[in-house]
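Asks: This is the structure I have questions about; it appears just below.
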Amino acid sequence: SGWQFRNNWNIGFWSSRAFEGVSTGTLRGGPSITRPGAWRGNVWAETDRRKPVSVNVYGFASIEDESGTTQRNGGAFLMIRP
C-alpha cells in the first residue's frame with residue numbers, strides 16, 4: 428500500500444504471511460522438507476522522481492515462526508539526471 432503526497436513524494440509499506448509448506452527443491456533432489464512459516468514486511472519512502480536528483484530509501488524484515496530467525500536489510504538509491 429502506498430501514498431503519494433501533493434509534492435510527489437511517496438511512502439508505502441506492505442506485509443505478508445508465508446505459511447508453513449513443503450519444499451522439494453531445497454535438498455536438490457533429496458527428500459522434501461517442511462519450510463517454516465514467516466512474517467515479512469517492507470517500508471519505503473521516495474522523493475519526487477521528476478526532479479534532477481531524487482532519493483529512495485527502504486527497509487525489509489522477516490521473522491520465521493519456529494526458530495525466530497530474523498532477516499533485515501535496507502538501502503537507498505540516489506538518482507541523478509542531467
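For the sequence shown, the positions run 428 to 509 when this note's numbering is used.
Idealized CB from N, CA, C, for every residue including glycine.
#1: Please determine, among G452, I490, R433, E473, the residue with the shortest C-alpha to C-alpha distance to V482.
#2: Assign F432 to one of three DSSP states: helix, strand, or coil.
#3: Do you know how far the Cα of A503 is from the Cα of G429?
#4: Based on Cα-Cα distance, which residue from A465, P458, F440 lies nearest to I490?
#5: Can you grab the Cα-Cα spacing for the pair L454 / I460, in whole Å?
#6: Between the alpha carbons of P463 and G452, how many angstroms are there, rounded?
Replies: Reading off the structure:
#1: E473
#2: In this structure, F432 counts as coil in the three-state DSSP scheme.
#3: 18 Å
#4: A465
#5: Distance between L454 and I460, taken at the CA atoms: about 8 Å.
#6: 15 Å
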